[in-house]
Structures are given as structure tokens and as C-alpha cells.
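Visitor: This is the structure, below, for whatever I ask next.
Number of protein chains: 2
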Amino acid sequence: METPALIVDKDIFEANMDAMTSLLSGTTLKLRPHYKSNKCAAIARRQIEHGAVGITCAKLSEALDLCDAGIENILIANQITDGEKIFRVALLAKKCHLIICVDDKDNARALSAAAVSCGSTVYCYVEYEIGMRRCGIEDDEEYIETAELIRELPGLKYAGIQAYAGHVSHMVTEEERREHTEKEQQKIRALKEKLIEHGFPKDLDISGGSTGTAVIKAAGGLYTELQAGSYLFLDSTYGGLQNLPFKNSLYVLSTVVSVRGNRVMLDAGVKSIGVDQGMPAVLKLEGTPVRCSLVDANEEHVKLFDPDTELKNGEKVLLIPGHCCSTVNLYDKMYFVRGGKVVDRLEITARGCSR
Amino acid sequence: METPALIVDKDIFEANMDAMTSLLSGTTLKLRPHYKSNKCAAIARRQIEHGAVGITCAKLSEALDLCDAGIENILIANQITDGEKIFRVALLAKKCHLIICVDDKDNARALSAAAVSCGSTVYCYVEYEIGMRRCGIEDDEEYIETAELIRELPGLKYAGIQAYAGHVSHMVTEEERREHTEKEQQKIRALKEKLIEHGFPKDLDISGGSTGTAVIKAAGGLYTELQAGSYLFLDSTYGGLQNLPFKNSLYVLSTVVSVRGNRVMLDAGVKSIGVDQGMPAVLKLEGTPVRCSLVDANEEHVKLFDPDTELKNGEKVLLIPGHCCSTVNLYDKMYFVRGGKVVDRLEITARGCSR
């Protein structure tokens, strides 16, 4: 196979899918997996067949890809503020059950106006800031006012709380993740009670969570939807976390293109492997780790220091990406392998869908 | 226009193209611009029309794209060591004047065997290590032995020295860049003399250089080919360099999607802007810099601290990418604008061509 190539170990991928089903079975937590990690319509369909209530995505263009692939329940877990895009959201809401995140009253009014003129209903999760310091409303009073405004506005339906704590996802020890998650859940529980006092339904959705906090959220009994995406693949960053019920299934196959003493250059760089969360791990083709240090990643190369001159020129190696999501977005196809053979080639249908 | 979108200021782009023509006119240095920066066949064709002797690229898949677009003289400025790819190199050499970099004798032998069986001639630059510590031979004796081997091997032609000093390209002061370049040129000059003593022609090609060292290489009289690519666009990293005859023409158009106090989130992140060489600069649509600090870039957001609460929700801003090459590779199209209007939309034909 020509390198660099994106490879998925199908057995482990399927075991990860089953591990998630087991984790959530018997709990009140439903899976709404994030599309940003796989961007592959065939995988999204498979997740729905395995019991997911819908799919989470980051961008309108991803939502359009999902709807086009027959996914009927879609959450865009971000704000959309551009006037024309707001109309496209309202139009898409005629074709599927569409939920969008809101953290601003004027944005809610603009969404309402668009939904009314398109004759659609746009479901809204009002985003709650629980420590990530990205989007979302921190103040409970402002949160409730915004939810009440959405309840009143025509064309919109308040559907629940978006509460995503991406910053907790990669904390190494389970204790750390648990401690942070429990604090956040207290804050969310208090908000939920206030919302109920203001006449919102008791069974409102609370959506968030990730691969790193899946176990804790499943046991917590508060969240109704889990937005994990990376659990199917993992990466070298998740590989450093304690007590995850998932295993690494994703690799970039790469070739050694130059060996000069202990300096080894591979044919994969930042244009073919995501290093935004850390450097990749290097394995021999049979799966054993190469004892080397990663010196650098540039556009088309990863540079290794190979103290034992273990790697030979032309040799193939497996890289575990530092970040699965940004890596997948660099490829058009992923190859599923089993027993050393390609058994499937899936199109990454939403590759580059950042609009 | 939907955001994030890749925008090129056509006037500045054309001024950069002209500035390069002026810089090289009257010198012995020819332009062999690097495809990695624009990955756009229409731009490569235009560079050839403007006097480039050929195009440099990083990967076989980029070379195939260039040949498919009618480019007749192509340098793959990297080593190719995979057995099947070596055959594809030999096949491609039947369709165009193809030069490839070599730093290993066994690799030269494999290329020769493939060229013989395909009935083609593969031109080789033997790569010389001049301080970047990536690929390339450091020892002069080994260099000359490898060049001599290539001279003897059927199907191959030794064509010159690849000497690329990427590490010098981004040094801030011109003095620093000049000092390093002059040291390297001494080393190359000495090698060239030894090669001539060993019967290699006096007019052998010396290929390398970048946007940051173009002025110095043009005045140096040693290099015969300049591999600059970024000069058409620049980026925020090049923007910090002294005395470049080029200006920034490349932007990512982005929308503010959330304003929470001084915290502003944009709709472009590492999936739509390359941050591998630094964070982007932020400008208002009319081109004035926004006084803000960039806190973070994650998958789909850049996070700003906006001390003057200058930016409004839904507002469009221009980002100057930290790295033009890795940014262009994330898009399928680039929009050329003039006077606030789109006047061209070019396909990024080699987007994702990392094989």
C-alpha cells in the first residue's frame, strides 16, 4: 500500500463499538457520537444501527453531509452566527430533526426569524459554560433568560443543556477526571433544578461528555447524551490515559525515506498526521514499539532519533497519531484491515467540511 | 461567502510574482518554485509562463498532478524508497523530465533497475546535508561516491546538488540568514570543485533556497535554481522577517461565533488553518489589525482575548495563517479577490497529495 495511508484495525474498531454499547447498556445515557472524529457517513450509519440516538457534529457542512447520508437526528454542537448560514440551518431543519447550540439572545432571535420564514422548527441546546472557557453562558440567570426567550420564540424549541468539558477529556488519572466531572455535574444539577422551577420539563436533555469521561458520565445518571467520538479510534494522547475501556485502532502507515546514522526520516508529516495534541508513537509493522525519540514533525516528514539503528531505509512503520480527529481530516479514505489484509475502504465523506 | 474560506488578494499575489521576476532578472538563478505552498495546477502553469524552468514538489502524488496538468519539468525534492513507488517514478519519467533526490546508494540502484525496465531516464540530484539535519549526505567523499555510482548506473543521470536549508528560511534578521547562507555556500562551493575534479560538468545544477533566502541566493551566484514557494502568499511567520520583497496575500476569512465578555471564538481552527509554525494574526475586514491576544487554537475554533471588546458576534475577520503551506492543504478551493469581489476560484488540485 502506498504511504502515508490511514489504517484502521477492524477487530479493535468493532471491539470499541461493542465496549461503548456495553458501557451504556442499563444506564439512562444515550450515545450521540461526534462526527468530527471519523467524518465518515458509513460509520455514522453504523453507529445509528448500534443504537445511537443521533449524531453530533461541529459544523453545518458536516450536518449537510450527515443528512445527505440519511441520518435523521443531528446536533450541531456549535453556534452559527452568519446570516446566510442561519437560513441554511433553518432549511436543513425541514429535512431532519436538527438541534443547534445557542449562547446569545440575538442569535436566538435570528434563528427564530429564519425558522419562521422557512416554516421549520429548529431545536436548541443552550450552551452552558462549565469550565472549558470556549462558548457557553456561565451565569445561571442569563442562561434561564435565554432558555425562556427560546421557549417563547416561534420556530424554535428549547431542547436542553449543552455542557461539554473538553478540557477534562485528556486528564491522565481517572480520579482527576472524576473530580472535575463531579464538580461540573453539581453545577449542572443546580441549573436543571432552576430550569424546572421555571416550568421547563424534568426530562430535558443534557448533552456532552467525551471518550475520556464516558465511564464517569455513564455512572453519573445526570447526562442524557454522550458526545464521544474518538472512542472508535483513540490516539497516542488517549493512549496515555488510565482506565479507558477502549483500545487504539487507528494508524498512519508510513515509510522510512532516509537513514543517516541515528537520524531517520519518515514520509508522513503535519500534512498527513495531526500533531496538534502531541507527537505520534512509532511501532514496527508487527506492532512492537520502536525505541526512538521523535525529534520533530515538519510538512512531509517526521524525524526520529533511532539510538539502536533499528529502522532500515524503505521499511514500513505504523504511527499512532497524537490526535485522531485532526489526522482523519487530512485523508480522503480510510482502509480497514484484518489479518494483514484490507477488508474495507471507507470514504471520509466530510473531510474538509469546516464550513 | 461562507466561512472559513481561503482568500487571496489578487493584486498582491501578482505583485509578488512580479517581485520574484525582478529579483531574478539579470542573475544566473532560475526559479523552480515549490508546489507544496499552492498545490494548484493553474498557479504552477502561470509560474512556468512567467519563466520558471520547472516546478519543485515534495511527493510523487504531487508530481503526478503536475504532469497531468502539462508541466514538463518536475523535481521531487525528496527521497522515494518504497519499491512500488520507485517503479511509478520510473514510469512518470517517460512522460516528463523528472528529477528526484537521492541520498543512498541502494536507493540509486533500485531507481536504476526500475528505469531500465521501464525504458526511462530518471534525473537525480544527490542531496547534500548543509545544516537542516533532515535527509542528505554530509560527508563529501560519500557524496562523490554516490554521484559517481549514479553516473555509472544505467537509466539514471546525475543532474546536480540538492542543498536545501529550510532551517535558515525563517531566521528573522537578514544578517542571520546571510551569515548562515554564506557558510553553506562555502561548503557547497568546495564540494562542487571536488565534483569537477572527478569529471562532473562545471555547469551542474545547484538547487535549493526558499522565500526567506531568495534575495541572498540571487546575489550569491552559486545556486542555479531557487525552490521558493511561499513568496506568492507569505504568512504571519514570514511577516515577522526583515527585508523580504514580498507581501502577505493569503487570508482565512472567519466569523465570530461567540462573544462572552473579552473571550471571542472564531469559526476557524486547526482543521482550517495551519498553526504548526505559529498562531495566525487577526485583522478587521478592512485590513486593520485587531488588538487581541490569541489564546488557543483547537479543532474548529481560534480563541481570542479581546481587551477592548472590539469584535462583535457574527462579525467577519481576516486571519493571516501562521503557515501558508499547511493551511492551503486543508482547502479544496482558493478565492482570488480584487476590490472586495471574487474574480477567480482556483481548485487546489493537489490538496491531500501526501503520497
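Protein chains in written order, with our numbering: chain A, 1 to 355; chain B, 356 to 710.
We put the CB at the ideal spot given by N, CA and C, even for glycine.
Fair warning: this is a prediction, and the values are worked out from it, not measured in the lab.
List the residues of chain B that C325/A touches, going by C-beta distances under 7 Å, in chain order.
Guide: E654
Visitor: For the alpha helix (DSSP H) that contains V444/B, what are its first and last residues?
Guide: Note, V444/B: alpha helix (DSSP H), 438 to 447.
Visitor: Enumerate, from N- to C-terminal direction, the unbroken alpha helix (DSSP H) stretches of 4 or more residues contained entirely within the segment 666 to 699 of chain B.
Guide: 679 to 683
Visitor: Measuring straight from C-alpha to C-alpha, what distance separates L294/A and N262/A?
Guide: Approximately 12 Å between the Cα atoms of the pair.
Visitor: Is the segment 46 to 58 of chain A in contact with the segment 113 to 125 of chain A, if contact means three or more CB pairs nearer than 8 Å?
Guide: Under the three-pair Cβ rule at 8 Å, the segment 46 to 58 of chain A does not count as touching the segment 113 to 125 of chain A.
Visitor: Quick check on G136/A: buried or exposed, where buried means 16 or more other Cβ atoms within 10 Å of its Cβ?
Guide: By the 10 Å Cβ count, G136/A comes out buried.
Visitor: Around the Cβ of T327/A, are there at least 16 other Cβ atoms within 10 angstroms (buried) or fewer (exposed)?
Guide: buried
Visitor: Mind checking G438/B: buried by the 16 CB within 10 Å criterion, or exposed?
Guide: exposed
Visitor: Could you have a look at Q79/A and say whether DSSP puts it in helix, strand or coil?
Guide: coil
Visitor: What is the residue span of the alpha helix (DSSP H) that Y125/A lies within?
Guide: Per DSSP, Y125/A belongs to no alpha helix (DSSP H); it is in the beta strand (DSSP E), 122 to 127.
Visitor: For G707/B, which residues in chain A fall below 9 Å Cβ to Cβ?
Guide: K271, S272, L330, Y331, D332, R351, G352
Visitor: If the cut is a Cβ gap below 7 Å, which residues of chain A does T568/B touch?
Guide: Within chain A, no residue comes near T568/B; the closest Cβ sits about 17 Å away, beyond 7 Å.
Visitor: Checking 8 Å against the spacing of the C-beta atoms, do L285/A and K316/A come in under that value?
Guide: Yes, Cβ-Cβ distance for L285/A and K316/A is below 8 Å.
Visitor: Which word fits F660/B, buried or exposed, when buried means at least 16 other C-beta atoms lie within 10 angstroms of its C-beta?
Guide: exposed
Visitor: Per DSSP, what kind of secondary structure is V116/A in: helix, strand or coil?
Guide: helix
Visitor: For the segment 603 to 615 of chain B against the segment 395 to 402 of chain B, are there 3 or more C-beta pairs whose distance is under 8 Å?
Guide: Two segments are said to touch when three or more pairs of C-beta atoms, one from each, lie closer than 8 Å; by this definition the segment 603 to 615 of chain B does not touch the segment 395 to 402 of chain B.
Visitor: Whose C-beta lies closer than 6 Å to the C-beta of M375/B among residues of the same chain, with five residues either side of it excluded?
Guide: Y586
Visitor: Would you mind working out which of Q597/B, C647/B, E655/B sits nearest D622/B, comparing C-alpha positions?
Guide: For D622/B, the closest C-alpha among the options Q597/B, C647/B, E655/B is that of E655/B.
Visitor: Quick check on the burial criterion: 16 or more other C-beta atoms within 10 angstroms. Buried or exposed for I628/B?
Guide: The residue in question, I628/B, is buried, as its Cβ has 16 or more Cβ neighbours within 10 Å.
Visitor: Our contact map puts K217/A next to L29/A with C-beta atoms below 8 Å; I'd like the distance itself, whole angstroms only.
Guide: Contact between K217/A and L29/A holds: CB atoms are separated by about 6 Å, below the 8 Å threshold.
Visitor: What residues of chain A sit near G584/B, judged by a beta carbon separation below 8 Å?
Guide: What G584/B touches in chain A: nothing, since even the nearest Cβ is about 10 Å away.
Visitor: Under the DSSP definition of a beta bridge, which residues are partnered with V252/A?
Guide: L6/A, L319/A
Visitor: Would you verify that the beta carbon of I80/A is, or is not, closer than 8 Å to some beta carbon of chain B?
Guide: yes
Visitor: So T568/B and T536/B are supposed to be a Cβ contact under 8 Å. How far apart are they, rounded?
Guide: Between T536/B and T568/B the Cβ distance is about 5 Å, and since that is below 8 Å, they are a contact.
Visitor: From what residue to what residue does the beta strand (DSSP E) around T411/B run?
Guide: 410 to 412
Visitor: Going by the DSSP bridge assignment, what does G208/A pair with across the sheet?
Guide: Its beta-bridge partners are L226/A.
Visitor: Specify the secondary structure class of R711/B as computed by DSSP and reduced to three states.
Guide: With chain B covering only 356 through 710, there is no way to say anything about residue 711/B.
Visitor: Are the C-beta of E539/B and some C-beta of chain A separated by less than 8 Å?
Guide: no
Visitor: Go ahead and label Q186/A buried or exposed: buried means 16 or more other beta carbons lie within 10 angstroms of its beta carbon, across all protein chains shown.
Guide: exposed
Visitor: My guess is that I130/A and I188/A are in contact by the Cβ rule of under 8 Å, so how many angstroms apart are they, rounded?
Guide: 7 Å
Visitor: Determine which residues of the segment 254 to 266 of chain A have a Cβ less than 8 Å from any Cβ of chain C, and write them out in chain order.
Guide: Considering every chain present, this structure includes no chain C. Its protein chains are A and B.
Visitor: Would you identify the three-state DSSP class for M17/A, choosing helix, strand or coil?
Guide: helix
Visitor: Which of the three DSSP states, helix, strand or coil, is assigned to L453/B?
Guide: Three-state result, L453/B: strand.
Visitor: With 16 as the cutoff for other CB atoms within 10 Å, does E62/A come out buried or exposed?
Guide: With 16 or more Cβ atoms within 10 Å of its Cβ, E62/A is classed as buried.
Visitor: Which residues does DSSP pair with G158/A in a beta bridge?
Guide: It should be pointed out that residue 158/A corresponds to Tyr in this sequence rather than to Gly. The partner list for Y158/A (beta bridge, DSSP) reads C124/A.
Visitor: Relative to chain B, which residues along the segment 116 to 136 of chain A have a C-beta separation below 9 Å, given in chain order?
Guide: E127, E129, R133, R134, C135, G136
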